[in-house]
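Numbering (the UniProt record's numbering), first residue to last: 1 to 207. First the structure, in the form of C-alpha coordinates, and then the observations on it.
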(Lines of atoms letter the chains of each structure in order from A and count residues from 1; the text may use other names and numbers.)
(Lines give C-alpha, C1' and ligand atoms only; values in the text may rest on other atoms or scores of the structure.)
Protein backbone atom coordinates (compact mmCIF):
# COMPACT_ATOMS: atom_id res chain seq x y z
CA UNK A 1 0.00 0.00 0.00
CA UNK A 2 1.05 3.59 -0.55
CA UNK A 3 1.94 5.32 2.71
CA UNK A 4 0.99 8.99 2.69
CA UNK A 5 2.00 11.58 5.23
CA UNK A 6 0.74 15.04 4.21
CA UNK A 7 3.00 16.69 6.81
CA UNK A 8 6.05 15.57 4.83
CA UNK A 9 4.78 16.57 1.40
CA UNK A 10 5.16 20.33 1.61
CA UNK A 11 7.86 20.63 -1.05
CA UNK A 12 8.62 19.03 -4.39
CA UNK A 13 12.18 18.53 -3.11
CA UNK A 14 11.06 16.01 -0.48
CA UNK A 15 13.61 13.34 0.44
CA UNK A 16 13.10 9.59 0.75
CA UNK A 17 12.14 8.61 4.28
CA UNK A 18 11.17 5.53 6.28
CA UNK A 19 7.83 4.14 5.10
CA UNK A 20 7.96 5.54 1.55
CA UNK A 21 7.15 3.38 -1.45
CA UNK A 22 9.96 3.46 -4.03
CA UNK A 23 10.52 1.79 -7.40
CA UNK A 24 13.75 -0.23 -7.58
CA UNK A 25 15.14 -0.35 -11.12
CA UNK A 26 17.33 -3.43 -11.58
CA UNK A 27 17.10 -3.85 -15.35
CA UNK A 28 14.85 -2.54 -18.11
CA UNK A 29 12.79 -5.72 -17.71
CA UNK A 30 12.96 -6.01 -13.92
CA UNK A 31 11.51 -3.34 -11.64
CA UNK A 32 9.81 -3.74 -8.29
CA UNK A 33 8.01 -1.69 -5.66
CA UNK A 34 9.74 -1.66 -2.28
CA UNK A 35 8.63 -0.04 0.97
CA UNK A 36 11.62 1.66 2.59
CA UNK A 37 12.21 0.43 6.13
CA UNK A 38 15.06 1.41 8.45
CA UNK A 39 17.20 -1.65 9.12
CA UNK A 40 15.92 -3.66 6.14
CA UNK A 41 17.96 -4.79 3.16
CA UNK A 42 17.24 -5.54 -0.49
CA UNK A 43 19.02 -8.55 -1.97
CA UNK A 44 19.25 -9.30 -5.68
CA UNK A 45 21.75 -10.54 -8.23
CA UNK A 46 23.65 -7.25 -7.98
CA UNK A 47 24.30 -7.49 -4.26
CA UNK A 48 22.89 -6.51 -0.88
CA UNK A 49 21.57 -2.96 -0.47
CA UNK A 50 20.65 -1.33 2.83
CA UNK A 51 17.41 0.65 2.90
CA UNK A 52 19.11 3.13 5.22
CA UNK A 53 21.47 4.12 2.38
CA UNK A 54 18.46 5.47 0.45
CA UNK A 55 16.87 7.35 3.36
CA UNK A 56 17.59 11.05 3.06
CA UNK A 57 18.24 10.84 -0.69
CA UNK A 58 16.15 12.99 -3.04
CA UNK A 59 13.38 11.53 -5.18
CA UNK A 60 13.72 11.47 -8.96
CA UNK A 61 14.89 14.23 -11.28
CA UNK A 62 11.60 14.40 -13.18
CA UNK A 63 9.48 14.80 -10.05
CA UNK A 64 11.63 17.67 -8.84
CA UNK A 65 11.55 19.66 -12.08
CA UNK A 66 7.83 19.16 -12.61
CA UNK A 67 7.39 20.96 -9.26
CA UNK A 68 4.40 18.85 -8.33
CA UNK A 69 3.09 18.79 -4.77
CA UNK A 70 0.06 17.25 -3.02
CA UNK A 71 -3.15 18.26 -4.75
CA UNK A 72 -1.67 18.67 -8.23
CA UNK A 73 -3.30 17.27 -11.36
CA UNK A 74 -0.80 15.56 -13.67
CA UNK A 75 -1.29 14.18 -17.18
CA UNK A 76 1.05 11.49 -18.47
CA UNK A 77 1.29 9.98 -21.94
CA UNK A 78 3.20 6.72 -22.22
CA UNK A 79 2.22 4.73 -19.13
CA UNK A 80 4.55 1.83 -19.92
CA UNK A 81 5.36 -0.23 -16.84
CA UNK A 82 3.85 2.42 -14.57
CA UNK A 83 7.12 3.10 -12.77
CA UNK A 84 7.09 6.88 -13.23
CA UNK A 85 3.31 6.95 -12.79
CA UNK A 86 3.80 5.51 -9.31
CA UNK A 87 6.28 8.25 -8.42
CA UNK A 88 3.95 10.92 -9.78
CA UNK A 89 1.07 9.55 -7.70
CA UNK A 90 3.18 9.52 -4.56
CA UNK A 91 4.14 13.15 -5.15
CA UNK A 92 0.55 14.40 -5.59
CA UNK A 93 -0.96 12.27 -2.79
CA UNK A 94 -3.23 12.38 -0.92
CA UNK A 95 -5.43 14.96 -2.67
CA UNK A 96 -4.05 15.08 -6.23
CA UNK A 97 -4.50 12.76 -9.18
CA UNK A 98 -2.54 11.36 -12.12
CA UNK A 99 -4.30 10.67 -15.42
CA UNK A 100 -2.10 8.43 -17.54
CA UNK A 101 -2.66 7.37 -21.14
CA UNK A 102 -1.18 4.60 -23.28
CA UNK A 103 -2.03 3.54 -26.82
CA UNK A 104 -1.47 -0.15 -26.01
CA UNK A 105 -4.64 -1.63 -24.50
CA UNK A 106 -3.01 -4.68 -22.88
CA UNK A 107 -0.24 -2.59 -21.35
CA UNK A 108 -2.77 -0.14 -19.95
CA UNK A 109 -4.78 -3.01 -18.45
CA UNK A 110 -1.65 -4.48 -16.87
CA UNK A 111 -0.69 -1.13 -15.34
CA UNK A 112 -4.23 -0.64 -14.02
CA UNK A 113 -4.06 -4.04 -12.33
CA UNK A 114 -0.68 -3.21 -10.77
CA UNK A 115 -1.98 0.08 -9.38
CA UNK A 116 -4.90 -1.73 -7.78
CA UNK A 117 -2.54 -4.22 -6.14
CA UNK A 118 -0.35 -1.45 -4.70
CA UNK A 119 -3.31 0.63 -3.50
CA UNK A 120 -2.72 3.46 -5.97
CA UNK A 121 -5.95 3.15 -7.94
CA UNK A 122 -7.53 6.03 -5.99
CA UNK A 123 -4.74 8.32 -7.19
CA UNK A 124 -4.29 7.08 -10.77
CA UNK A 125 -6.68 6.78 -13.70
CA UNK A 126 -5.46 4.74 -16.67
CA UNK A 127 -7.00 5.19 -20.10
CA UNK A 128 -6.29 3.99 -23.64
CA UNK A 129 -5.70 6.88 -26.03
CA UNK A 130 -3.32 7.80 -28.86
CA UNK A 131 -2.20 11.18 -27.55
CA UNK A 132 0.05 11.90 -30.55
CA UNK A 133 -2.98 11.75 -32.83
CA UNK A 134 -5.94 12.56 -30.61
CA UNK A 135 -4.40 14.87 -28.05
CA UNK A 136 -5.53 14.94 -24.43
CA UNK A 137 -9.27 14.97 -23.60
CA UNK A 138 -10.76 18.48 -23.67
CA UNK A 139 -12.10 18.08 -20.13
CA UNK A 140 -8.57 18.69 -18.79
CA UNK A 141 -8.16 21.99 -20.63
CA UNK A 142 -6.55 24.57 -18.35
CA UNK A 143 -6.77 22.28 -15.32
CA UNK A 144 -3.44 20.45 -15.30
CA UNK A 145 -0.44 21.48 -13.22
CA UNK A 146 2.02 19.34 -15.18
CA UNK A 147 2.24 17.10 -18.24
CA UNK A 148 4.79 14.37 -18.91
CA UNK A 149 5.55 12.63 -22.23
CA UNK A 150 7.43 9.48 -23.12
CA UNK A 151 6.49 9.31 -26.79
CA UNK A 152 8.22 8.52 -30.10
CA UNK A 153 6.94 11.77 -31.68
CA UNK A 154 6.34 14.12 -28.73
CA UNK A 155 6.21 17.25 -30.88
CA UNK A 156 2.82 16.10 -32.21
CA UNK A 157 1.34 16.21 -28.70
CA UNK A 158 2.89 19.50 -27.54
CA UNK A 159 0.10 21.80 -28.84
CA UNK A 160 -2.52 19.74 -26.98
CA UNK A 161 -0.41 19.73 -23.81
CA UNK A 162 -0.16 23.51 -23.91
CA UNK A 163 -3.96 23.78 -23.85
CA UNK A 164 -4.23 21.42 -20.88
CA UNK A 165 -1.83 23.29 -18.59
CA UNK A 166 -2.72 25.94 -16.07
CA UNK A 167 -0.93 29.28 -16.15
CA UNK A 168 2.77 28.58 -15.43
CA UNK A 169 2.20 24.83 -15.74
CA UNK A 170 5.14 22.64 -16.71
CA UNK A 171 5.61 20.18 -19.57
CA UNK A 172 8.35 17.56 -19.45
CA UNK A 173 9.20 15.27 -22.36
CA UNK A 174 11.63 12.35 -22.15
CA UNK A 175 13.40 11.69 -25.45
CA UNK A 176 16.37 9.32 -25.94
CA UNK A 177 17.19 10.62 -29.45
CA UNK A 178 18.63 14.05 -30.28
CA UNK A 179 16.37 14.28 -33.34
CA UNK A 180 13.34 14.05 -31.04
CA UNK A 181 14.74 16.83 -28.87
CA UNK A 182 15.34 19.07 -31.89
CA UNK A 183 11.84 18.61 -33.31
CA UNK A 184 10.26 19.11 -29.89
CA UNK A 185 12.31 22.25 -29.25
CA UNK A 186 11.08 23.78 -32.49
CA UNK A 187 7.46 23.15 -31.52
CA UNK A 188 7.99 24.35 -27.95
CA UNK A 189 9.21 27.74 -29.19
CA UNK A 190 5.82 28.26 -30.82
CA UNK A 191 3.70 27.10 -27.88
CA UNK A 192 5.61 27.91 -24.67
CA UNK A 193 7.32 30.97 -23.20
CA UNK A 194 10.42 29.20 -21.90
CA UNK A 195 12.02 25.81 -22.37
CA UNK A 196 15.11 24.07 -21.04
CA UNK A 197 16.93 20.90 -22.05
CA UNK A 198 18.68 18.49 -19.69
CA UNK A 199 20.99 15.74 -20.88
CA UNK A 200 21.93 12.54 -19.11
CA UNK A 201 25.12 10.98 -20.46
CA UNK A 202 25.84 7.31 -19.82
CA UNK A 203 29.31 5.84 -20.24
CA UNK A 204 30.25 2.21 -19.83
CA UNK A 205 33.78 1.37 -18.76
CA UNK A 206 35.23 -2.12 -19.18
CA UNK A 207 37.93 -2.87 -16.62
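Note that the Cβ used here is the ideal one computed from N, Cα and C, for glycine as well. Given the structure is predicted, the values throughout are model-derived calculations rather than measurements.
Euclidean distance between Cα positions of residue i and residue j
{"i": "residue 111", "j": "residue 101", "result": "10 Å"}
{"i": "residue 141", "j": "residue 163", "result": "6 Å"}
{"i": "residue 153", "j": "residue 166", "result": "23 Å"}
{"i": "residue 55", "j": "residue 23", "result": "14 Å"}
{"i": "residue 63", "j": "residue 74", "result": "11 Å"}
{"i": "residue 143", "j": "residue 175", "result": "25 Å"}
{"i": "residue 10", "j": "residue 67", "result": "With a pLDDT of 37 at residue 10, under the threshold of 50, the modelled position of that residue is not reliable, and no figure is offered here."}
{"i": "residue 29", "j": "residue 84", "result": "15 Å"}
{"i": "residue 76", "j": "residue 52", "result": "31 Å"}
{"i": "residue 16", "j": "residue 38", "result": "11 Å"}
{"i": "residue 43", "j": "residue 50", "result": "9 Å"}
{"i": "residue 94", "j": "residue 116", "result": "16 Å"}
{"i": "residue 184", "j": "residue 34", "result": "35 Å"}
{"i": "residue 150", "j": "residue 80", "result": "9 Å"}
{"i": "residue 188", "j": "residue 155", "result": "8 Å"}
{"i": "residue 65", "j": "residue 178", "result": "20 Å"}
{"i": "residue 41", "j": "residue 31", "result": "16 Å"}
{"i": "residue 170", "j": "residue 45", "result": "38 Å"}
{"i": "residue 121", "j": "residue 26", "result": "24 Å"}
{"i": "residue 180", "j": "residue 147", "result": "17 Å"}
Supposed contact pair residue j and residue i - C-beta distance, whole angstroms, cut 8 Å
{"i": "residue 36", "j": "residue 19", "result": "7 Å"}
{"i": "residue 114", "j": "residue 82", "result": "5 Å"}
{"i": "residue 92", "j": "residue 71", "result": "7 Å"}
{"i": "residue 173", "j": "residue 136", "result": "Going by Cβ atoms, the distance from residue 173 to residue 136 rounds to 14 Å, so no, they are not a contact pair."}
{"i": "residue 128", "j": "residue 103", "result": "7 Å"}
{"i": "residue 131", "j": "residue 157", "result": "5 Å"}
One or two residues paired with residue i in a DSSP bridge
{"i": "residue 191", "result": "According to DSSP, which records beta bridges pairwise, residue 191 is partnered with nothing at all."}
{"i": "residue 47", "result": "44"}
{"i": "residue 33", "result": "23"}
{"i": "residue 174", "result": "DSSP lists no partner for residue 174."}
{"i": "residue 184", "result": "Looking at the DSSP assignment, residue 184 forms no beta bridge with any residue, so it has no partner."}
{"i": "residue 148", "result": "76, 172"}
{"i": "residue 165", "result": "144"}
Exposure label - residue i; buried when at least 16 CB within 10 Å
{"i": "residue 145", "result": "buried"}
{"i": "residue 133", "result": "exposed"}
{"i": "residue 7", "result": "Confidence at residue 7 is low in this model, with a pLDDT of 43, below 50, so its placement is unreliable and the value that follows should be read with caution. Residue 7 is exposed by the Cβ-count criterion."}
{"i": "residue 124", "result": "buried"}
{"i": "residue 96", "result": "buried"}
{"i": "residue 108", "result": "buried"}
{"i": "residue 61", "result": "exposed"}
{"i": "residue 119", "result": "exposed"}
{"i": "residue 13", "result": "At residue 13, the pLDDT of 42 sits below 50, so the modelled position is not reliable and the matter cannot be decided from this model."}
Query raised in the report: Which residue spans inside the region 51–77 form an unbroken alpha helix (DSSP H) run of at least 4?
Result: Correct list: 61–66.
Report task. Kindly provide the ranges of any beta strand (DSSP E) runs that are 3 or more residues long and lie completely inside the region 85–147, ordered along the chain. Result -> DSSP assignment within the region 85–147 yields the following whole beta strand (DSSP E) runs of 3 residues or more, N-terminal first: 97–102, 124–128.
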